[in-house]
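Residue numbers (the numbering used here): 70 to 473. Ideal Cβ positions, reconstructed from N, Cα and C, are used throughout, including at glycine. The structure presented is a predicted model; accordingly, all values stated were derived computationally and were not measured. Worksheet for the structure shown next.
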Ligand SMILES: Cc1cc2nc3c(=O)[nH]c(=O)nc-3n(C[C@H](O)[C@H](O)[C@H](O)COP(=O)(O)OP(=O)(O)OC[C@H]3O[C@@H](n4cnc5c(N)ncnc54)[C@H](O)[C@@H]3O)c2cc1C
């Protein structure tokens with residue numbers, strides 16, 4: 070970098086020493102953390118985020134189908150005295166406690182909250198890197214929308230990935246008049262109970278989605294997708310192929326020499342403090358917390374954001390942070406605008422008996438979407454107010470549920 074503009078706060082004011090906390094990423098975890106840090110008035114908070122607005126990632130499938138707007142102004146969700154820098158962190162100088170930004174500027178910190186979320190996980194499907202789109206983030210969603218708007222009538226869209234994100238996307242596109250195929254890769258909505266799965270499947274059928282649950286996408290071309298079913302390979306026409314095949318973390322932590330897991334998430338101890346660096350605290354999808362198996366979700370991201378802020382405030386106060394605690398309540402997927410699958414869960418996220426479907430579930434899902442933003446707003450108005458369910462500590466050796 071040629072220009073090194075160092076951005077910092079005055080070290081002191083009338084109250085004595087001020088502490089500067091930088092929050093990387095203003096998604097569910099980062100925005101919640103930034104607001105909560107204001108419990109301590111002697112803390113200055115700077116948030117760094119590439120978009121100049123809060124992106125409700127859980128509405129991205131609505132954005133690509135034109136049924137909803139994921140953008141919320143930062144002035145609506147962040148407290149007035151949280152400073153926002155529209156920029157991207159490209160490296161963390163952990164020794165110098167400084168973040169390098171894509172603009173060329175640098176930002177000094179006393180503590181850093183790492184909450185940059187995740188991005189598409191490119192499966193090893195030949196052609197996917199060149200020809201497939203991805204619903205994982207704002208940039209990917211904008212590309213999908215552009216492509217979808219340019220499609221001719223009867224052009225087939227293929228959604229790859231039968232998890233809840235793939236279901237939501239396929240349903241939304243079908244309901245808005247597109248021809249949609251959903252390639253499940255071994256199953257549709259496998260994280261919910263058999264009853265919830267059946268209801269999801271029925272609703273997808275009603276919307277006209279061509280569900281290929283046992284199919285696996287094995288190659289993506291410019292206007293084709295090759296699908297393997299029971300050892301048979303078929304080349305199918307596909308004007309747009311969209312991946313909903315899971316997420317991975319950006320390389321920022323790894324590039325900065327921090328300890329990461331196999332999909333690039335910052336490894337933290339049980340109190341959310343980065344392994345090997347006690348000035349960095351992690352939150353949201355971008356972190357792997359010792360002793361916890363957390364589905365990537367805003368349901369986990371907001372509580373982790375709040376607890377990351379509490380951990381930093383404890384450290385500033387010379388105290389040991391508490392171990393993070395997080396529990397799940399439900400998995401809820403929209404299946405178009407008029408139906409959803411609401412699967413209540415045990416705190417460890419395993420399906421419980423109760424399932425709600427249809428319009429009531431669609432209404433509940435809309436309340437959840439609004440509620441996630443409302444939580445952040447309320448935290449801005451009264452820092453410390455947000456509370457959450459705990460109790461999901463799992464020490465199982467099962468593989469981590471890395472996508473929602
Ligand atoms: C279509 C879709 C539907 C979903 N539906 C649900 C649902 O119904 N329920 C649910 O619980 N979960 C759902 N999820 C998952 C949920 O959106 C994520 O788990 C959640 O957004 C994670 O929150 P986060 O704060 O960790 O990350 P994010 O919300 O992704 O926020 C991270 C922020 O960091 C920014 N950032 C990235 N890199 C940098 C950088 N280098 N420097 C600075 N900032 C950076 C990003 O731009 C972003 O603003 C859905 C996901 C998708 C894609």
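Checklist entry - Leaving out five residues before and five after residue 455 in sequence, what residues of the same chain have Cβ atoms less than 6 Å from its Cβ? => result The answer, listed in chain order, is 375, 444, 448.
Checklist entry - Given residue 290, which residues of its chain have a CB within under 7 Å of its CB, disregarding the five upstream and five downstream residues? => result Same-chain partners within the cutoff: 196, 200.
Checklist entry - Which ranges would you report for the beta strand (DSSP E) in the region 83 to 112 if only whole runs of at least 3 residues count? => result 88 to 93, all fully within the region 83 to 112.
Next on the checklist: Could you check whether the region 383 to 390 touches the region 410 to 426, counting it as contact only if at least three pairs of C-beta atoms, one from each stretch, sit closer than 8 Å?
Outcome noted: Three or more beta-carbon pairs separated by less than 8 Å are not found between the region 383 to 390 and the region 410 to 426, which leaves the two stretches without contact.
Item to check | Identified DSSP bridge partners for residue 226 | outcome: Listed as beta-bridge partners of residue 226 by DSSP are 249, 309.
Checklist entry - At a cut of 8 Å, does the region 156 to 164 reach the region 311 to 323 through at least three beta carbon pairs? => result In short, these stretches touch, since the Cβ pair count reaches three.
Checklist entry - What are the boundary residues of the beta strand (DSSP E) that residue 142 is part of? => result 140 to 142 is the span of the beta strand (DSSP E), which, as asked, contains residue 142.
Checklist entry - Got a sec: is the Cβ-Cβ distance from residue 426 to anything in chain B below 8 Å? => result Note that chain B does not occur in the displayed structure, where there is just one protein chain.
Checklist entry - With a CB to CB cut of under 8 Å and the five nearest residues on each side skipped, what residues in its chain are close to residue 371? => result If we look at residue 371 and ignore the five residues flanking it on each side, its Cβ neighbours are 97, 98, 101, 441, 444, 445, 455, 457.
Checklist entry - So, is residue 142 buried or exposed, given that buried needs 16 or more other C-beta atoms within 10 angstroms? => result With fewer than 16 neighbouring CB atoms inside 10 Å of its own CB, residue 142 falls in the exposed class.
Next on the checklist: Let me confirm a value: residue 436 is counted as buried when at least 16 other C-beta atoms fall within 10 Å, else exposed. Which label applies?
Outcome noted: Residue burial annotation: residue 436 is exposed, with fewer than 16 other C-beta atoms found within 10 angstroms of its C-beta.
Next on the checklist: For residue 328, tell me which candidate among 347, 179, 315 has the shortest Cα-Cα distance.
Outcome noted: The shortest CA-to-CA distance from residue 328 to any of 347, 179, 315 is the one to 347.
Next on the checklist: Output needed for residue 106: all residues of its chain with C-beta closer than 6 Å, excluding positions within five of it in sequence on either side, in chain order.
Outcome noted: Apart from sequence neighbours up to five positions away, the residues of its chain that approach residue 106 with a beta-carbon distance below 6 Å are 90, 112, 114, 378, ordered along the chain.
Item to check | residue 421 burial status per 10 Å Cβ neighbour count (16 or more: buried) | outcome: Answer is exposed; the Cβ neighbour count stays below 16.
Item to check | Touching by the beta-carbon criterion (3+ pairs, under 8 Å), the region 256 to 265 and the region 396 to 415 | outcome: The region 256 to 265 vs the region 396 to 415: in contact.
Checklist entry - Rounded to the nearest angstrom, how far is the Cβ of residue 170 from that of residue 156, given a contact under 8 Å? => result 4 Å between Cβ atoms; contact.
Checklist entry - Got a sec: does ligand 1 put a non-hydrogen atom nearer than 7 Å to the Cβ of residue 178? => result For residue 178, the Cβ stays outside the 7 Å cut-off from all heavy atoms of ligand 1.
Checklist entry - If residue 231 and residue 257 are in contact, beta carbons under 8 Å, what's the gap, nearest whole angstrom? => result The Cβ separation is near 4 Å, so the contact holds.
Checklist entry - How would you call residue 223, buried or exposed, if buried means at least 16 neighbouring beta carbons within 10 angstroms? => result So residue 223 ends up on the exposed side.
Checklist entry - How long is the line joining the alpha carbons of residue 402 and residue 350, rounded to whole angstroms? => result Per the coordinates, the alpha-carbon of residue 402 lies some 30 Å from the alpha-carbon of residue 350.
Checklist entry - If you drop the 5 nearest sequence neighbours on each side, which residues of the same chain put their C-beta closer than 6 Å to that of residue 465? => result The pLDDT assigned to residue 465 is 43, lower than 50, so where the model puts this residue is not dependable; a value taken from the coordinates is nonetheless given after this. Result list for residue 465: empty, nothing under 6 Å.
Checklist entry - Once you ignore the five residues that flank residue 108 on each side, which residues in its own chain have a CB closer than 7 Å to its CB? => result The residues are 382, 452, 453.
Checklist entry - Under 8 Å, do residue 407 and residue 428 count as touching if we go by C-beta distance? => result Yes.
Item to check | Residue ranges of each beta strand (DSSP E) within the region 369 to 413, 3 or longer | outcome: Assignment of beta strand (DSSP E) within the region 369 to 413, counting only whole runs of 3 or more residues, yields 399 to 403 in chain order.
Next on the checklist: Using 8 Å for Cβ pairs, my map puts residue 254 next to residue 294. What's the rounded Cβ distance?
Outcome noted: Not quite, the Cβ-Cβ distance comes to about 12 Å (not below 8 Å), so this is no contact.
Checklist entry - Do residue 244 and residue 276 have their C-beta atoms closer together than 8 Å? => result In this structure, residue 276 lies closer than 8 Å to residue 244 by Cβ.
Checklist entry - Measuring from the CB of residue 86, is there a heavy atom of ligand 1 at a distance below 7 Å? => result Relative to ligand 1, even the nearest heavy atom lies 7 Å or more away from the CB of residue 86.
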